[in-house]
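Residue numbers (numbering that gives the first Met the number 0), protein chains in the order written: chain A, 0 to 63; chain B, 0 to 150.
Glycine residues also receive a C-beta, built at the ideal position from the N, C-alpha and C atoms.
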Amino acid sequence: MKNKRMKIARIEMDLSQEQLAELVGITRQTIGLIELGKYNPSLNLCIAICKALGKTLNDLFWEE
Amino acid sequence: MNIKKNKDERIEKIQNRYGTHTFIIVSALLFSSILFKSVVMNLPFKEYLTELVIFLIGMVYYTLKITNAGLFHTVKESKIYLITSFALISILFGILVGLTNMFRYQNGQFNEITMFSISILTAEAFVIIIIAWITFEKLSKRSEKKQFDVE
Chain A
0 MKNKRMKIAR
10 IEMDLSQEQL
20 AELVGITRQT
30 IGLIELGKYN
40 PSLNLCIAIC
50 KALGKTLNDL
60 FWEE
Chain B
0 MNIKKNKDER
10 IEKIQNRYGT
20 HTFIIVSALL
30 FSSILFKSVV
40 MNLPFKEYLT
50 ELVIFLIGMV
60 YYTLKITNAG
70 LFHTVKESKI
80 YLITSFALIS
90 ILFGILVGLT
100 NMFRYQNGQF
110 NEITMFSISI
120 LTAEAFVIII
130 IAWITFEKLS
140 KRSEKKQFDV
150 E
């Protein structure tokens, strides 16, 4: 399932996939795959992404 | 904002996966080469010593790392499956080496010495595999216990 909340949070912070990837220390492709729902990140990576986007795990990764 | 810089875990996983495949392929090729040189071509030991050393180093390194990580004893196969596999490997080893010796030293004549040699080799291989397995299982359990005690 696509992770639209992560994509919206990234756009709200005016960050490109490349910039977010640079902040977290991973590749742009991985960010792209997480947003497309084609890669399940580890908890550590989720936390790093949340910190970079100023969100909580619930905001970005908890599905209702 | 304090963001811990990560290694890209997705890329690491892919590299590990292909690294594992490469290890399996190289080991299989080395093993085939050893078998071909020793059994089919009947070459002297020194002709395939290098392959054997490289093969053994790889296997020993892998086994020790897995044991040290406390993962050796977590193999999910049942005891019956494991013992059957060990028995089959031992029988194959016994037959292979026994028949090679038969062609080398008995002019290809199958007799009671061949049968005796196959039986002894099979039993030896089986006992060695079982002892090695039990040893690594114990070491692995100890290593796991140590890790949990520390954390």
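Could you confirm whether any beta carbon from chain B is found closer than 8 Å to the beta carbon of residue i?
i: S41 (chain A); result: yes
i: G24 (chain A); result: yes
Can residue i and residue j be called in contact, C-beta distance under 8 Å?
i: M5 (chain A); j: L59 (chain A); result: yes
i: F125 (chain B); j: F85 (chain B); result: yes
i: F92 (chain B); j: L51 (chain B); result: no
i: I133 (chain B); j: I88 (chain B); result: no
i: T66 (chain B); j: S139 (chain B); result: yes
i: G36 (chain A); j: N2 (chain A); result: yes
Can you tell me where the alpha helix (DSSP H) with residue i in it begins and where it stops?
i: T99 (chain B); result: K78 to Y104
i: L51 (chain B); result: L48 to N67
i: F44 (chain B); result: Where F44 (chain B) is concerned, there is no enclosing alpha helix (DSSP H), given that its DSSP letter is neither H nor E.
i: F60 (chain A); result: L56 to F60
i: M5 (chain A); result: K3 to E11
i: F22 (chain B); result: E8 to L34
i: N43 (chain A); result: L42 to L52
i: V74 (chain B); result: Unbroken run through V74 (chain B): none, as it is neither H nor E.
For a contact defined as C-beta to C-beta under 7 Å, what are the partners of residue i on chain B?
i: L44 (chain A); result: N5 and E8
Mind pulling the chain B residues with CB within less than 9 Å of residue i?
i: T29 (chain A); result: D7, E8, R9 and I10
At a Cβ threshold of 8 Å, is residue i touching chain C?
i: E136 (chain B); result: Checking the listed chains, one finds no chain C in this structure; the protein chains it contains are A and B.
With a cut-off of 8 Å, do at least 3 Cβ pairs link the segment 115-124 of chain B to the segment 42-49 of chain B? No, the segment 115-124 of chain B is not in contact with the segment 42-49 of chain B.
Does the segment 22-37 of chain A come within contact of the segment 0-14 of chain A, defined as at least 3 CB pairs closer than 8 Å? When Cβ pairs closer than 8 Å are counted between the two stretches, the segment 22-37 of chain A is seen to touch the segment 0-14 of chain A, the count reaching three or more.
Is the segment 18-26 of chain A touching the segment 46-55 of chain A, taking contact as three or more C-beta pairs under 8 Å? Under the three-pair Cβ rule at 8 Å, the segment 18-26 of chain A counts as touching the segment 46-55 of chain A.
Is it the case that the segment 64-80 of chain B contacts the segment 9-17 of chain B, given that we only count it when at least three CB pairs across the two stretches are under 8 Å? No: fewer than three Cβ pairs fall under 8 Å.
Contact between the segment 28-39 of chain B and the segment 50-66 of chain B is defined here as three or more beta-carbon pairs at a separation below 8 Å; is this criterion met? Judged by Cβ distances under 8 Å, the segment 28-39 of chain B makes contact with the segment 50-66 of chain B, as three or more pairs qualify.
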